[in-house]
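Read through the structure below, which is laid out as structure tokens, and then see the notes.
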Amino acid sequence: MVPRPSPCTWNPLSSKRKHVMIVNPQKPTENALYFAELFMMNAFDRLDAQKANATRASDALTKLRSALSGFQAALTGLSSAGGMIKYQGVLSNTNMGTVSVGSSAQPGSYAFFVEQLATSHQLSVQGIPAVPVDEAGTLVVELGHGESFEVDLTDARADADGNLTSAEMARAINEAVGNRGKVSASVVTVNGEQQLVLSSGQAGTEGEISLNTNGIGHAGLRNALDGANEMTAARNAVFYIGGEGGTRVEQSANTFTGIQGVSVTFTQAMNAGDPALMLTISRDGSSTEENVKSFVDAYNALKKILDDLAYAGNGTPGSAGPMAGDAGIRTLQQRLSDMLRQSVEGQKLLDFGISTDRTGVLKFDTVKFNEALAADPAALDKLFGDSSTGLLGKFEGYLDSWLSTTNGQIQSRQDSMEKIQDQLSKRETALEAQYTRVYERYLHQFNRLYVIDAQMNYTLDLLEALKPDTGKK
54 MVPRPSPCTW NPLSSKRKHV MIVNPQKPTE NALYFAELFM MNAFDRLDAQ
104 KANATRASDA LTKLRSALSG FQAALTGLSS AGGMIKYQGV LSNTNMGTVS
154 VGSSAQPGSY AFFVEQLATS HQLSVQGIPA VPVDEAGTLV VELGHGESFE
204 VDLTDARADA DGNLTSAEMA RAINEAVGNR GKVSASVVTV NGEQQLVLSS
254 GQAGTEGEIS LNTNGIGHAG LRNALDGANE MTAARNAVFY IGGEGGTRVE
304 QSANTFTGIQ GVSVTFTQAM NAGDPALMLT ISRDGSSTEE NVKSFVDAYN
354 ALKKILDDLA YAGNGTPGSA GPMAGDAGIR TLQQRLSDML RQSVEGQKLL
404 DFGISTDRTG VLKFDTVKFN EALAADPAAL DKLFGDSSTG LLGKFEGYLD
454 SWLSTTNGQI QSRQDSMEKI QDQLSKRETA LEAQYTRVYE RYLHQFNRLY
504 VIDAQMNYTL DLLEALKPDT GKK
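Below you can see the structure in the form of structure tokens.
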């Protein structure tokens, strides 16, 4: 197949002056290419225009999906955060602990007195003898909450002498099937002597370690394990809610989660008579304001892209957006704008300082917002709601009708566009085949012309040779 030629820099059919092609019979291939291209030019130009329009429309759909998905992601982030209003927790002494506040927290103040912190049990085993691995036996590690796991020391990797070392015991304990982080074992060298150190993975008395050596076959190893020293006692955290002398709480962890939406981790114990550690949960005005601003920014970003896609143009060719005149896009823009004005339980965006200018862009009046928030904090969450209620729910529900990959409007359009592009691809193949046939026809004709021209030139040469010599010089 003759390859399709590159587009001409000058279209003879659209030129204002008459195009004249002087055929050179000596160049049949060049003549055939020229006239074949001239013959097919309009068809190829129409195809190129159709392909460009299809690509532009496909790119516009991709951009539209990206814009709507970005807005939907912003809404999902707000709805999954548990409400537009955010709270913060502040401790009176940050050296005593840390606090994290979730979406379900409520304002309030709490006093704590920390009597003792929870600690993880830790044992050290000294004087472990050189034990032939086949005499080691099985060690059972038991924990305070009743769980236990076995360590088969006969399967441990022995040293070059075939003896079990402290390091190999530590490895065997850590790799025991039933361990799974319950106890970690390591080797510490003190004054040149290696010690096997066992540390509980759980704080408090529930993580207390005890060693059952009934299955140990070597007496020296059994004695060493039975004589393990306690490096750190297993203790529960003990603290009081309401200050010293208040409600006593004892638990295995230093983190208290008894307050809805609040997690307090104590890091330091207190002495009798110390002032209580105060925790204050209050509304975080800046974070709440930032949440609302993120909604405003996300909507405006979406609106900008929709406006660009649907731009009618300024009269200059090519200035219109790829979706100018698209009824579906106009409906999308109108629905989004209408939802901004909807009332939810008597509340509107305008009540919280969120309004639209004459172009439809959202504006955020922080002064009016903070005044409304102070007057009725709960109204903000009612207005925005979550993924199924309020404005957030309404927006997300409508966006699904566009973004669904099964029956959404964008998917339907993309499926149709793929069919159009497939048809154009087949059309291009057919035109290229037609171009080849036209070229071959012209080539055949110009080859005949070349032969005729050669014959005529030969005849002229013969006739020229027959002319009488006049003797003129």
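The numbers in the numbering used here rise by one with no breaks, and the one at position 53 of the sequence shown is 106. We treat Cβ as the ideally placed atom computed from N, Cα and C, and that holds for glycine.
Can you tell which of the options has its C-alpha closest to the C-alpha of residue i?
{"i": "Val194", "options": "Tyr503, Thr129, Ile262 and Gly366", "result": "Ile262"}
{"i": "Leu484", "options": "Glu303, Thr369, Leu100 and Asp337", "result": "Leu100"}
{"i": "Ala440", "options": "Asp514, Ser132 and Ala220", "result": "The residue you asked about is not Ala; residue 440 is Ser in the sequence shown. Out of Asp514, Ser132 and Ala220, Ser132 has the C-alpha closest to the C-alpha of Ser440."}
{"i": "Val291", "options": "Gly270, Phe166, Gly378 and Val178", "result": "Phe166"}
{"i": "Gly22", "options": "Asn216, Phe202 and Leu206", "result": "Nothing can be reported for residue 22: it is not among the residues displayed for the chain, which extend from 54 to 526."}
{"i": "Arg394", "options": "Phe437, Arg109, Gly371 and Pro375", "result": "Phe437"}
{"i": "Phe97", "options": "Ser390, Gln487 and Ile312", "result": "Gln487"}
{"i": "Gly150", "options": "Ser157, Asn307 and Gln386", "result": "Asn307"}
{"i": "Ala432", "options": "Gly406, Gly399 and Ser457", "result": "Gly399"}
{"i": "Gly270", "options": "Ser347, Gln179, Thr207 and Leu502", "result": "Thr207"}
{"i": "Leu402", "options": "Ser237, Lys356, Leu426 and Asp205", "result": "Leu426"}
{"i": "Phe319", "options": "Tyr293, Thr489, Leu452 and Ala102", "result": "Tyr293"}
{"i": "Glu481", "options": "Met93, Asp468, Leu502 and Arg383", "result": "Met93"}
{"i": "Arg288", "options": "Arg275, Gly299, Gly295 and Glu303", "result": "Glu303"}
{"i": "Asp360", "options": "Pro78, Ala120 and Gln79", "result": "Ala120"}
{"i": "Ser122", "options": "Thr458, Pro521, Arg466 and Met509", "result": "Thr458"}
{"i": "Gln79", "options": "Ala286, Asp468, Gln387 and Ile505", "result": "Ile505"}
{"i": "Ser237", "options": "Ser347, Ser177 and Asp337", "result": "Ser177"}
{"i": "Gly130", "options": "Gly180, Pro160 and Val345", "result": "Val345"}
{"i": "Ile407", "options": "Arg336, Glu449, Lys435 and Val349", "result": "Val349"}
{"i": "Gln313", "options": "Arg388, Leu264 and Ser162", "result": "Ser162"}
Between the alpha carbons of residue i and residue j, how many angstroms are there, rounded?
{"i": "Pro81", "j": "Lys472", "result": "40 Å"}
{"i": "Leu209", "j": "Gly190", "result": "Reading the sequence as shown, one finds Ala at residue 209 and not Leu. About 10 Å."}
{"i": "Gln247", "j": "Ala277", "result": "13 Å"}
{"i": "Ala126", "j": "Ser316", "result": "28 Å"}
{"i": "Ala134", "j": "Asn353", "result": "21 Å"}
{"i": "Thr310", "j": "Thr218", "result": "43 Å"}
{"i": "Asn267", "j": "Ser305", "result": "29 Å"}
{"i": "Leu477", "j": "Asn423", "result": "57 Å"}
{"i": "Asn379", "j": "Leu445", "result": "The sequence as given places Asp at residue 379; Asn does not occur at that position. Each residue's Cα considered, the two are about 26 Å apart."}
{"i": "Ile358", "j": "Tyr495", "result": "51 Å"}
{"i": "Pro430", "j": "Gly413", "result": "27 Å"}
{"i": "Ile463", "j": "Gly231", "result": "52 Å"}
{"i": "Gln498", "j": "Ala507", "result": "14 Å"}
{"i": "Leu196", "j": "Asp205", "result": "18 Å"}
{"i": "Gly199", "j": "Gly273", "result": "27 Å"}
{"i": "Trp63", "j": "Ala89", "result": "Its pLDDT being 35, under 50, Trp63 is placed unreliably by the model, and the measurement read from it follows with that caveat. Near 15 Å, if we compare the C-alpha coordinates of Ala89 and Trp63."}
{"i": "Arg301", "j": "Gln321", "result": "17 Å"}
{"i": "Pro182", "j": "Gly260", "result": "28 Å"}
{"i": "Asn216", "j": "Glu297", "result": "55 Å"}
{"i": "Ala158", "j": "Asp418", "result": "27 Å"}
{"i": "Asp410", "j": "Ser390", "result": "12 Å"}
{"i": "Arg275", "j": "Asn244", "result": "23 Å"}
{"i": "Leu251", "j": "Val186", "result": "20 Å"}
{"i": "Asn84", "j": "Ser454", "result": "57 Å"}
{"i": "Glu128", "j": "Gly368", "result": "It is Leu, not Glu, that sits at residue 128 in the sequence shown. For Leu128 and Gly368, the distance between alpha carbons rounds to 37 Å."}
{"i": "Lys416", "j": "Lys479", "result": "50 Å"}
{"i": "Arg490", "j": "Tyr511", "result": "32 Å"}
{"i": "Asn77", "j": "Leu513", "result": "18 Å"}
{"i": "Asp214", "j": "Leu249", "result": "20 Å"}
{"i": "Ala164", "j": "Gly299", "result": "9 Å"}
{"i": "Ser339", "j": "Ser347", "result": "12 Å"}
Thinking residue i and residue j are a contact (beta carbons under 8 Å), I'd like their distance in whole angstroms, please.
{"i": "Ala351", "j": "Phe124", "result": "5 Å"}
{"i": "Ile334", "j": "Val184", "result": "With a Cβ gap of about 57 Å, Ile334 and Val184 do not count as contacting."}
{"i": "Leu86", "j": "Tyr492", "result": "7 Å"}
{"i": "Ala373", "j": "Gly366", "result": "3 Å"}
{"i": "Gln474", "j": "Ala105", "result": "In fact, because the Cβ distance is near 12 Å, the residues do not count as touching under 8 Å."}
{"i": "Leu385", "j": "Arg118", "result": "The pair is not a contact, with the Cβ atoms about 12 Å apart (cut-off 8 Å)."}
{"i": "Ala102", "j": "Pro375", "result": "Incorrect: roughly 14 Å between the Cβ atoms, too far for contact."}
{"i": "Gly461", "j": "Val397", "result": "No, Gly461 and Val397 are not in contact; Cβ-Cβ is about 25 Å, not under 8 Å."}
Answer yes or no: the CB of residue i versus the heavy atoms of the ligand ZN, is any distance below 7 Å?
{"i": "Asn227", "result": "What this structure holds is no ligand at all, so the ligand ZN is not there to describe."}
So, does the CB of residue i fall closer than 8 Å to a CB anywhere in chain B?
{"i": "Val420", "result": "In the structure shown, chain B cannot be found, because there is only a single protein chain."}
- Can we say the stretch 278 to 285 touches the stretch 112 to 124, given the rule of at least three CB pairs closer than 8 Å? no
- Cβ pair count under 8 Å reaching 3, the stretch 136 to 149 against the stretch 220 to 227: no
- Task: With a floor of 3 residues, list each beta strand (DSSP E) that falls wholly inside the stretch 144 to 202, ordered by position along the chain.
- Result: 150 to 154, 161 to 169, 173 to 178 and 191 to 196
- Three or more C-beta pairs closer than 8 Å, one from the stretch 144 to 155 and one from the stretch 325 to 344: is that the case here? yes
- Please determine if the stretch 253 to 269 and the stretch 166 to 184 are in contact, where contact requires at least 3 C-beta pairs separated by less than 8 Å. yes
- Message: My parser needs the alpha helix (DSSP H) runs of 4 or more residues fully inside the stretch 292 to 356; what are they?
- Response: none
- Output the residue ranges of the alpha helix (DSSP H) runs that lie fully inside the stretch 391 to 430 and measure 4 residues or longer, sorted by chain position. 419 to 428
- Query: Hey, which unbroken runs of the beta strand (DSSP E) at 3 residues or more fall wholly within the stretch 243 to 297?
  - Reply: 246 to 256, 262 to 265, 282 to 285 and 290 to 294
- Item | Secondary structure, alpha helix (DSSP H): runs of 4+ residues fully inside the stretch 432 to 503 | 443 to 456
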